[in-house]
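Here is the structure we will look at.
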Amino acid sequence: MFPALLPTYSRTDVAFVRGEGSWLFDEHGKRYLDFGAGIAVNAFGHANPKLIAALTEQAGKLWHTSNLYRVPGQEKLAQKLVAHSFADTVFFTNSGAEAMELAFKMARRYHFVNGRPDRFQIISFEGAFHGRTLAGIAAGGNEKYLEGFGPKVQGFDQVPLGDLAALNNAIGPNTAALVIEPLQGEGGVRPVPADFLRQLRTICDSHGILLIFDEIQTGVGRTGKLFAYEWLGFTPDIMAIAKAIGGGFPLGALLATADAARGMTPGTHGTTYGGNPLAMAVGNAALDMVLSQGFLEHVAKVANYFSQQLGALVSEHPAIFESVRGQGLMLGLKMKIPNGDFIKAARDAGLIVLPAGDNVVRLLPPLTISEAEIREGVSLMHQAAAALEPQKAAVP
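Residue 54 in this note's numbering sits at position 54 of the sequence shown; the count goes up by one each step and never skips.
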């Protein structure tokens, strides 16, 4: 019999029923330290009291009205995001994939209203992940995700990450935008060199094309700043965010300059649920926490400590780990053994970590995690690594 739940995931046979801070509890009462945070979503831990209060208060007032009317929570959150970013305008979605769809549409529409409807092609970079919609998998370029869904959506090209010559060869009269993650997540927690990113800004300016940043995973504090672009000394034209901005409630957003958004007039885009009062209540509370005094400083401090501890972990288990990579609290362990083996061993020890491309184990703890919890998690990783190490030859 075909399963009632569409089998698009090979799910681990663990069901979590409760969360508290950095911890998860399964249906049998086993406790796990969560270094996955729902794939960078639960940035404030589980059952965060401020998010619960915001959601509960709003739930007793109003859930949904549609975007045919003003939504005061949207206006409030948009003003905060504009005040603390490069953007002039914000559109709220339910997910990162929806935010990326709007990013692609906005880039094409920008050239359309500027009299260049032929400029519709968007260039992305190998190893990218931009969601699972048809446009998202076309931009991501991963054959595993493209297979079986017919012809790839027209207008998406890919070049190797870091290859400026290939990029310049790919740019032509039909190019509308470049899209990139400032730190690749799904592709293996692969940092993108700052100099390369800066050159993308220069290339876009010289060709009159737009620069789109996908900060769905890196945004809202994950790298130690509100947005990862703040480390670079320049700004994109369009940026998609999601995950942490809702703290676990489905919420995404598209941020843009007034110039980039000039083509998005009434009727050109819409959403039924995006920006609903429940999401806005949580989003406002989440952003307030990130912007509160000392929050980002805590992320930077804990992230530095975590990196140091992971360096020692790699040194102590050279048969298991190759290197540490990433930024802030978005870190990865490049493995010498299959990453799935380590993920299972860590889970058996009571630690949740995640897979990523390039045989990497991805570490995305809540931004509220403590140094003591970092120590405990690294101790569990030592335990998992030791369980996987080849048995030393017996001393005669």
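The beta-carbon is built from N, C-alpha and C at its ideal position, and this holds for glycine as well.
By a C-beta neighbour count over all protein chains shown, 10 Å radius and 16 as the cutoff for buried, is residue i buried or exposed?
i, result
"His111", "buried"
"Lys392", "Because the pLDDT of Lys392 is 44, which lies under 50, any placement of that residue in the model is unreliable, and the question is left without a value."
"Met330", "buried"
"Ala372", "exposed"
"Gln217", "buried"
"Leu6", "exposed"
"Glu98", "buried"
"Glu186", "buried"
"Ser315", "exposed"
"Val220", "buried"
"Glu143", "exposed"
"Ile374", "buried"
"Val192", "buried"
"Met264", "buried"
"Asp205", "exposed"
Can you tell me which of the options puts its alpha carbon nearest to the alpha carbon of residue i?
i, options, result
"Pro117", "Ile209, Leu102, Ala59", "Ile209"
"Lys225", "Glu297, Asn304, Ala99", "Glu297"
"Thr257", "Thr235, Gly275, Val153", "Thr235"
"Tyr32", "Ala345, Leu197, Ser66, Ala356", "Ala345"
"Leu367", "Ala312, Pro49, Ala285, Val302", "Val302"
"Phe104", "Glu181, Gly45, Ala176, Gly248", "Ala176"
"His317", "Gln293, Gln383, Asn304, Gly328", "Gln383"
"Ser292", "His84, Gly136, Glu57", "His84"
"His207", "Ala194, Pro191, Asn174, Gln184", "Asn174"
"Phe125", "Asp214, Thr202, Trp63, Ala40", "Asp214"
"Asp407", "Gly172, Leu161, Gly263, His130", "Examination of residue 407 is not possible in this model, given that the chain is present from 1 through 396 alone."
"Val14", "Gly29, Pro3, Met1", "Gly29"
"Glu230", "Val378, Glu27, Ser10, Ala87", "Ala87"
"Phe120", "Ala139, Arg108, Ala312", "Arg108"
"Ile203", "Ile171, Leu183, Leu232", "Ile171"
"Gly140", "Ser95, Gly127, Ile369", "Gly127"
Identify every residue that forms a DSSP beta bridge with residue i.
i, result
"Met335", "Phe321"
"Leu485", "Outside the displayed span of the chain (1 to 396) sits residue 485, for which this structure offers no information."
"Asn25", "For the record, residue 25 in the displayed sequence is Phe; it is not Asn. Answer is Arg18, Arg31."
"Val361", "Leu333, Pro355"
"Ile212", "Val179, Ile238"
"Gln79", "Partner(s): none; Gln79 has no beta bridge."
"Thr89", "Ala256"
"His46", "Gly21"
"Val159", "Phe125"
"Phe249", "Gly247"
Go through its chain and collect everything with a Cβ distance to residue i's Cβ below 6 Å, but skip five positions before and after it.
i, result
"Asn359", "Met335, Asn339"
"Leu167", "Val159"
"Glu389", "Ala319"
"Ala394", "With a pLDDT of 37 at Ala394, under the threshold of 50, the modelled position of this residue cannot be trusted; read the value that follows with caution. Correct list: empty, nothing qualifies."
"Gly326", "Val189, Gly332"
"Ala402", "Only positions 1 to 396 of the chain appear in this structure, which leaves residue 402 out of reach."
"Gly248", "Val41, Asn42"
"Ala349", "Leu380, Gln383, Ala384"
Does the beta carbon of residue i sit closer than 8 Å to a beta carbon anywhere in chain E?
i, result
"His207", "The question asks about chain E, but that chain is absent: this structure has only one protein chain."
Could you name the residues of the same chain whose beta carbon sits closer than 7 Å to that of residue i, not counting the 5 residues immediately before and after it, in chain order?
i, result
"Leu200", "Leu178, Ile180, Leu211"
"Lys50", "Ala285, Met289"
"Ala260", "Met106, Tyr110, Leu210, Asp237, Ile238"
"Asp341", "Leu388"
"Leu164", "Gln199"
"Ser323", "Val314, Lys334"
"Gly275", "Asn67, Val71, Gln74, Phe92"
Assuming the contact rule is C-beta atoms closer than 8 Å, residue i and residue j should be a hit. Round their C-beta distance to whole Å, please.
i, j, result
"Ala244", "Ala286", "7 Å"
"Gly267", "Leu77", "At roughly 23 Å, the Cβ-Cβ gap does not stay under 8 Å, so Gly267 and Leu77 are not in contact."
"Leu251", "Leu81", "At roughly 12 Å, the Cβ-Cβ gap does not stay under 8 Å, so Leu251 and Leu81 are not in contact."
"Gly96", "Ala240", "6 Å"
Take residue i and list the residues in its own chain whose beta-carbon comes closer than 8 Å to its own, dropping the five residues that flank it on each side.
i, result
"Pro396", "A caution first: Pro396 carries a pLDDT of 42, below 50, which makes its placement in the model too unreliable to give a value."
"Pro428", "Because the chain here runs from 1 to 396, residue 428 falls outside it and cannot be looked at."
"Leu134", "Phe149, Val153"
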